[in-house]
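J.: Below are the structure tokens for one structure; questions will follow.
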Amino acid sequence: MAEFSDVPELGQQTVDAISDINVPLLSGFLKAKIPDLVLPLKVKKFASGQSNPTFKITDAKGRAMVVRRKPPGELVSETAHQVDREFRVLSALCNNTTLPVPKVYFLEEDRSVAGAMFYVMDFIEGRIFTDSRLLKVPAQDRREIYISCARTFARMHKVDPRGCGLAGQKGFHKIGDFYPRQLKTWSQIHAAQRTVKYPNGKLVPQIERFDEIVSWLQKNMLKDEVAIVHGDSSLHNVIVHNTEPRIVGILDWELSTIGHPLADLATLLSPFFNNPVAGGALSSSSPALNRGPGFEEHDAVAYMKAYANEAGRSVDGVWGVWDFCMCFSRLKSAVIMQGIAVREARGQASSTFAQAYAAMVPNLNKQAIQYMERGVVSAEGKVKGAGKL
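Below you can see the structure in the form of structure tokens.
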């Protein structure tokens, strides 16, 4: 059996960045800002990452840092490209908590340096797994990685947004009404995106019954909660230790906000709930769980319990609103993937995987509809889950 440390990953691979950024100009600027960097600097672009182009900077002594930049040019929506928002939340968390986030150095708003606003942070050694199935990872390590993810995000959700200095900063002054605000935001983004066409005149992938799904979510709103929310808490946005199945870094904070913690849990566990039509109680043998190729040995119930135990909440309570959480998660993901299609259509896609992500829109759309139709509404108009643990 392969050892965990032998398992390959693709998330930190880099490609040449000569055509994407002015390396001499950036090198001189970084040297002035961080004097102990030793020239010359080697600049490579990370192959993965869809919203904001990200570059690995290595100096002559091997010190590695990261430059994360907005895409250049006019953008249909700023929501997924708020590198200044990322900088603010990372500054608050790295300076005031023990969460595994990279140290950030500065935010540069002058577009003449790198073509768009950017910030600089430390590079975290480790591995990023882009396939949520973790097919080549030993079974016990697969389990430990997801449990570590669940516990890490639960720890984050227990951080006081005010106590860490995040609440009140630009972009983080709204507290409460998370889901209503999110539905408004993603509806606006969808409206701006849906009419964009490829050069051949074909529309980007469409999201069917969008307004109907939004209306259902509005009518079945969850009780409000307040926490720091990552916004895209997927496996591909965490860094796993090189030799141990534990999380050592959380990345890609452009969608972060102060909101409902279960939104993050739904995003993390979404790969394991791809069969929303099936009802019945949630258990390790539940037909509601994804049992497709590569998912058979995952225990989504254990991952949910690990989160609930760390967060100090009831698993029954989580499952009781799971249809709502998953419906919103799938709808939001569909809009995000549609946005990647828009950037591809406009020549602004930041990675080579844009077409594959854009192709996911119809299936995500279908699942959002299925969760909407699966949700059981009580006499008071609130969502009840299909079963309890």
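If you count by UniProt numbering, then the sequence shown holds residues 1 to 389, one letter each, in order. Here a beta-carbon is modelled for each residue, glycine too, at the ideal position from N, C-alpha and C.
#1: Apart from the five residues just before and just after K305, which ones in its own chain have a Cβ nearer than 6 Å to its Cβ?
#2: Does the segment 211-226 come close enough to the segment 146-155 to have 3 or more Cβ pairs within less than 8 Å?
#3: Using the three-state DSSP reduction, which class does S283 fall into: helix, strand or coil?
#4: According to the Cβ coordinates, are A227 and P261 closer than 8 Å?
#5: Can you name, in chain order, every residue of its own chain whose Cβ lies under 8 Å from the Cβ of R246, other than the five neighbours on each side?
#6: Can you tell which of Q188, P102 and N52 has the C-alpha that lies nearest to the C-alpha of D20?
#7: So, are the CB atoms of T97 and V159 less than 8 Å apart?
#8: Taking the beta carbon of L203 as the centre, do at least 16 other beta carbons fall within 10 Å, making it buried, or is it exposed?
#9: Quick one, are the C-beta atoms of V66 and M117 less than 8 Å apart?
#10: Is it right to say S329 is buried, meaning 16 or more other beta carbons lie within 10 angstroms of its own, or is it exposed?
#11: Mind checking who A64 pairs with in its DSSP beta bridge?
#12: State buried or exposed for S112, treating a residue as buried only when at least 16 other CB atoms are found within 10 Å of its CB.
#13: Please confirm if the segment 173-180 is in contact with the segment 254-271, defined as three or more CB-CB distances below 8 Å between the two stretches.
#14: Rounded to whole angstroms, what is the Cα-Cα separation between R209 and I369?
#15: Please state whether DSSP places E108 in a helix, a strand or coil.
#16: With 16 other CB atoms within 10 Å as the buried threshold, where does V214 fall?
#17: Check whether the Cβ atoms of L39 and K31 lie closer than 8 Å to each other.
#18: Taking the C-alpha atoms as reference points, what is the distance between L235 and L255?
T.: Let me spell this out:
#1: Within the same chain, K305 has close Cβ partners V315.
#2: These segments do not touch.
#3: The predicted position of S283 is uncertain, since its pLDDT is 47 and thus under 50; a value taken from the coordinates is nonetheless stated next. Look at S283 here: in three-state DSSP terms it is coil, with no helix or strand label.
#4: Yes, they are a contact pair.
#5: If we look at R246 and ignore the five residues flanking it on each side, its Cβ neighbours are E144, I145, S148 and V240.
#6: Closest option to D20, Cα to Cα, is N52.
#7: Inclusion of T97 and V159 in the CB contact set at 8 Å is warranted, their separation being smaller than that value.
#8: By the Cβ-count criterion, L203 is exposed, with fewer than 16 other Cβ atoms from all chains shown falling within 10 Å of its own Cβ.
#9: V66 places its beta carbon 8 Å or farther from that of M117.
#10: With 16 or more other Cβ atoms within 10 Å, it is buried.
#11: Beta-bridge annotation (DSSP): A64 is paired with T58.
#12: Under a 10 Å Cβ-count criterion, S112 is classified as exposed, with fewer than 16 other Cβ atoms of the shown protein chains found around its own Cβ.
#13: The segment 173-180 makes contact with the segment 254-271, as at least three CB pairs between them are under 8 Å.
#14: Approximately 8 Å, taken between the alpha carbons.
#15: Assignment of E108 by DSSP, reduced to helix, strand and coil, places it in the strand class.
#16: Buried, because 16 or more other Cβ atoms sit within 10 Å of the Cβ of V214.
#17: In this structure, K31 lies closer than 8 Å to L39 by Cβ.
#18: Between L235 and L255, the C-alpha separation is close to 15 Å.
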